[in-house]
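Data first, discussion second: the structure below is written as structure tokens.
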Amino acid sequence: MTRDVRMRGFAERVDVEQVDRLLASGCLPLPAERVGLLDSVGRVLAEDVVARVNVPGFARSAMDGYAVRGEDTFGASEYTGLPLTVIGESYPGRAFGGSVGEAEAVRIMTGAPIPAGANAVVKAEVCEERGGQVWVREPVAPRKNIGAIGEDIRVGDPVLRKGRRIRPQDAGLLASIGCADISCVRQPRVRLVITGDELLAPGSTPSGFSIVDSNSVVLRALAARDGGVVLPYELLPDQPERIRDALLAGDADVVLVSGGSSVGAEDHAPRLLAEHGTLLFHGVSMRPSSPAGGGRIGKAWVFLLPGNPVSCLCAYEFFAGPTTRALGGRSRAWPHRRVRAVLARKLSSEVGRTDYVRVRFEDGRIAPLATAGASILSSTVRADGFVIVPRELEGMPEGAEVEVFLYDDEPRADAIGT
Ligand code: AMP
Ligand code: MG
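In this note's numbering, the protein residues as written are 114 to 531.
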């Protein structure tokens, strides 16, 4: 694998599925770390969470009304109000200190503790209070309108399982059972190694023969989407020593090398990876992104992403994305929303090659925009999503139903007719 392939081309290319299997087999979630409750949404639990308290921890009123002994209200009706003596009140956080006896009532608010002696709450709507007495016009059965201890969560309940990606309401529940922090899978640290003598930093105006680096802009967003934490980075010239130093920096779990991944004279990354680590694959039968590669240096997973912007995006999605997600304890599966749609035009491909085809909705059907054109980033901007044509297919005919991966998570505000 250490042979220098520069200017000689790829002898053979591996299949996307082979690479995927290789990556999947060697990739385990990173170790756990404690994460503060307020930062926990979106993080992946590293252990089961079991409740150590009851919620609620006390019997509480489910209504605004009067805490009573239910049996004292039997016989009450619209026409025959039964009078009870109001002996106090109970508010959330401010309990009534005494006890409710026969023919007595305590004014009570939703969420307030049920006073001793009471066993039901009669709702305010059927009561009328005047002169220290409340006239109850509807009977209430014992236990009615009372939230029992542990009705929400009981001590010992497994409330969230290991591997769970924490939702807003999950974090809320963690708060309610008294968690201050929880054990989560550490987020993978992602280093971008953006190479190319021709590159200007994002934000620059392209001039002369220089172009503005767009890959880092795309990659940092994709890595963040997949739960990665992007480390500070700089643009590097096509100098082997500089690229080697970046590869060996040793602070990342995932290294994304943009550019110089192929077999050109300035393509140093594959050789450097083979020399200082392991080049696990290089050259994939896919379109775009065929010059992609990857391997390991120390514990880090290194991905060689071709510089052409669509190739870079596509190689990230096929190889680096699943790895980043898996390291962070998430699913390797593509995170895109999927819909099934009918092809408006035939889609040609080649047996033995996996294609990443940008597609767009046209009158409710799906039209292929581009398979080739690895340098045409605008094809991904015009597209609503993409279709993956597996290697065993020669293409797909017009009218075929295909699975479309959507670029947008939510319906688009600018979409017509939605
Ligand atoms: P390379 O993979 O280095 O051979 O680059 C292939 C093509 O992608 C060349 O036209 C590069 O100028 C272009 N390219 C390389 N890096 C980037 C980048 N970071 N952003 C946008 N285009 C790039
Ligand atoms: Mg280059």
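No residue lacks a Cβ here, since even glycine has one placed at the ideal position from N, Cα and C.
Asked                                                                                                                                                                                      : Found
Judging by CA-CA distance, which residue of V502, A454, I295, L385 is the nearest neighbour of F431?                                                                                       : V502
Following a CB-centred definition, is G309 positioned closer than 6 angstroms to any heavy atom of ligand 2?                                                                               : yes
Might you give, ordered along the chain, the residues of its own chain that have their beta carbon closer than 6 angstroms to the beta carbon of G408, omitting 5 neighbours on each side? : L386, G390, T391, L392, L393, V415
Thinking just about the alpha-carbon of each residue, which of R525, V162, F474 is nearest to the one in C297?                                                                             : V162
By a C-beta neighbour count over all protein chains shown, 10 Å radius and 16 as the cutoff for buried, is R126 buried or exposed?                                                         : buried
Can you give the Cα-Cα distance for R134 and C140, rounded to whole angstroms?                                                                                                             : 10 angstroms
From G309 to P481, what distance separates their C-alpha atoms?                                                                                                                            : 31 angstroms
In whole angstroms, give me the CA-to-CA distance for A189 and G183.                                                                                                                       : 11 angstroms
Counting beta carbon pairs with one atom in the region 297-306 and one in the region 328-337, are three or more of them shorter than 8 angstroms?                                          : yes
On a CA-only basis, which of V325, A382, S320 is nearest L312? Give me that one, please.                                                                                                   : V325
Would you kindly report the start and end of the unbroken beta strand (DSSP E) that includes R338?                                                                                         : Careful: R338 lies outside any beta strand (DSSP E), inside the alpha helix (DSSP H) at 328-338.
Within a Cβ cutoff of 6 angstroms, which residues of the same chain sit near D468, ignoring the five residues on either side of it in sequence?                                            : R400, S462, T484, V502
Could you compute how far the alpha carbon of G260 sits from the alpha carbon of L150?                                                                                                     : 26 angstroms
Which residues does DSSP list as the beta-bridge partners of G498?                                                                                                                         : V472, L519
Consult DSSP for S317 and reduce its assignment to one of helix, strand or coil.                                                                                                           : coil
Quick check on F187: does DSSP put it in helix, strand or coil?                                                                                                                            : coil
With C-beta atoms as the reference, is Y429 less than 7 angstroms away from L335?                                                                                                          : yes
Please list, in chain order, all residues of the same chain as V604 whose beta carbon is under 6 angstroms from its beta carbon, the five residues on each side excluded.                  : Given that the chain is displayed from residue 114 to residue 531, the structure contains no residue 604 and the question cannot be resolved.
Going by C-alpha to C-alpha distance, which of E202, T198, G206, A208 sits closest to G214?                                                                                                : T198
Look up L361 in the DSSP assignment and say whether it is helix, strand or coil.                                                                                                           : coil
S492 by DSSP, collapsed to three states: which one?                                                                                                                                        : helix
Where I221 and G178 are concerned, what is the direct C-alpha to C-alpha distance, given to the nearest angstrom?                                                                          : 5 angstroms
Roughly how many angstroms separate the alpha carbons of T115 and H395, rounded to a whole number?                                                                                         : Because the pLDDT at T115 is just 47, under 50, the model does not fix this residue reliably, and the point stays unresolved.
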